[in-house]
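Enquirer: Numbering (this note's numbering), first residue to last: -3 to 227.
All C-beta atoms in this analysis are idealised placements derived from N, C-alpha and C, irrespective of residue type, glycine included.
Quick caveat: nothing in here was measured; it's all calculated off a predicted structure.
I'd like to ask you about the structure that follows.
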Ligand code: ZN
């Protein structure tokens, strides 16, 4: 197992000409049908507030669409992308924000890695998930990412900031937002960025610039029409 778990280096900037995206409609049946995926889904439902859970599911489905249309040759498994997507913001829950002074992505990655090992996932699998969660906001221009980290970055930035819309068909964006409603996710996430930077002024999120990043989130025109009141 290597590429299946994401262990293949890709340049961190998507620079090739995108393929024409196709419309995909996804529902719960597109979740991987494995024991580990079901256990992690249960874990996520217990640990994550609805807003983070729905964001994480949108990230999973947007990533699946990006992989199908833009990277059809990748051998990355749906299972590892599902687990990583679902728990990539685990460190942002109230419980986990109180549990550490560490940057939320690192803590969330560590707790996820422990949970995966406890459930019997191979260490290579759990390590790859940790790497991608820890680096999911490591946006930059130099160097490489694993396949898994690259896909997670593309789909989280699409949901939060509206970038990379050329990679996903507008009908897919519509279907996924309807299947996993946003509530006031952009506002919730901008608040999280503020809390993280205020409570942990050394945190990784500060590299994105607190106000700069919050402005980009609140200026997400692609997803704004789907935002509704607090859920
Ligand atoms: Zn996220």
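What ranges does the alpha helix (DSSP H) occupy inside the segment 136 to 212, keeping only unbroken runs of at least 4 residues that lie completely in it?
Expert: Counting only runs of 4 or more, we get 143 to 157, 166 to 175, 181 to 195.
Enquirer: Let me check you understand the geometry: is the CB of residue 50 closer than 7 Å to at least one non-hydrogen atom of ligand 3?
Expert: The model depicted lacks ligand 3 and carries ligand 1 instead.
Enquirer: At 4 residues or longer, what runs of the alpha helix (DSSP H) sit wholly inside the segment 41 to 77?
Expert: List check, alpha helix (DSSP H) in window: 46 to 66.
Enquirer: Do you know how far the Cα of residue 76 is from the Cα of residue 54?
Expert: Here residue 54 refers to the residue found at position 58 when the chain shown is read from its first residue. Here residue 76 refers to the residue found at position 80 when the chain shown is read from its first residue. The alpha-carbon atoms of residue 54 and residue 76 are separated by roughly 15 Å.
Enquirer: Rounded to the nearest angstrom, what separates residue 49 and residue 120 at their Cα positions?
Expert: Sequence index remark: in the chain shown, residue 49 carries index 53 (1-based). Sequence index remark: in the chain shown, residue 120 carries index 124 (1-based). The straight-line gap from Cα to Cα measures roughly 25 Å.
Enquirer: Among the candidates 64, 151, 88, whose CA atom is the shortest distance from the CA of residue 46?
Expert: On the chain shown, position 50 is the one that residue 46 refers to. Checked all of 64, 151, 88; the closest Cα to residue 46 is 88.
Enquirer: Cβ of residue 141 within 8 Å of Cβ of residue 149?
Expert: As a first step, residue 141 must be located in the chain shown, where it is residue number 145. As a first step, residue 149 must be located in the chain shown, where it is residue number 153. Yes. Within cutoff.
Enquirer: Does the segment 12 to 19 come close enough to the segment 158 to 170 that 3 or more CB-CB pairs lie under 8 Å?
Expert: The answer is yes - the segment 12 to 19 touches the segment 158 to 170, with three or more Cβ pairs under 8 Å.
Enquirer: Which residues share a DSSP beta bridge with residue 7?
Expert: Along the chain shown, read from residue 1 onward, the residue named residue 7 stands at position 11. 140.
Enquirer: Beta carbon of residue 199, beta carbon of residue 128: below 8 Å?
Expert: Taking the first residue of the chain shown as 1, we reach residue 199 at position 203. Taking the first residue of the chain shown as 1, we reach residue 128 at position 132. For residue 199 and residue 128, no; Cβs fall outside 8 Å.
Enquirer: What number of angstroms, rounded off, separates the C-alpha of residue 170 from the C-alpha of residue 154?
Expert: For this step, residue 170 is matched to residue 174 along the chain shown. For this step, residue 154 is matched to residue 158 along the chain shown. Their backbone Cα atoms lie some 13 Å apart in a straight line.
Enquirer: What does the alpha-carbon distance come out to for the pair residue 23 and residue 175?
Expert: For the purposes of this step, residue 23 is taken as residue 27 along the chain shown, with counting starting at 1. For the purposes of this step, residue 175 is taken as residue 179 along the chain shown, with counting starting at 1. Using only the alpha carbons, I get a separation of about 7 Å.
Enquirer: What's the gap between the Cα of residue 177 and the Cα of residue 152?
Expert: Counting from 1 along the chain shown, the entry for residue 177 is found at position 181. Counting from 1 along the chain shown, the entry for residue 152 is found at position 156. Spanning the two alpha carbons is a distance of roughly 15 Å.
Enquirer: Please enumerate, following chain order, all residues with a beta carbon closer than 5 Å to at least one heavy atom belonging to ligand 1.
Expert: Spelled out in chain order, the answer is 85, 152.
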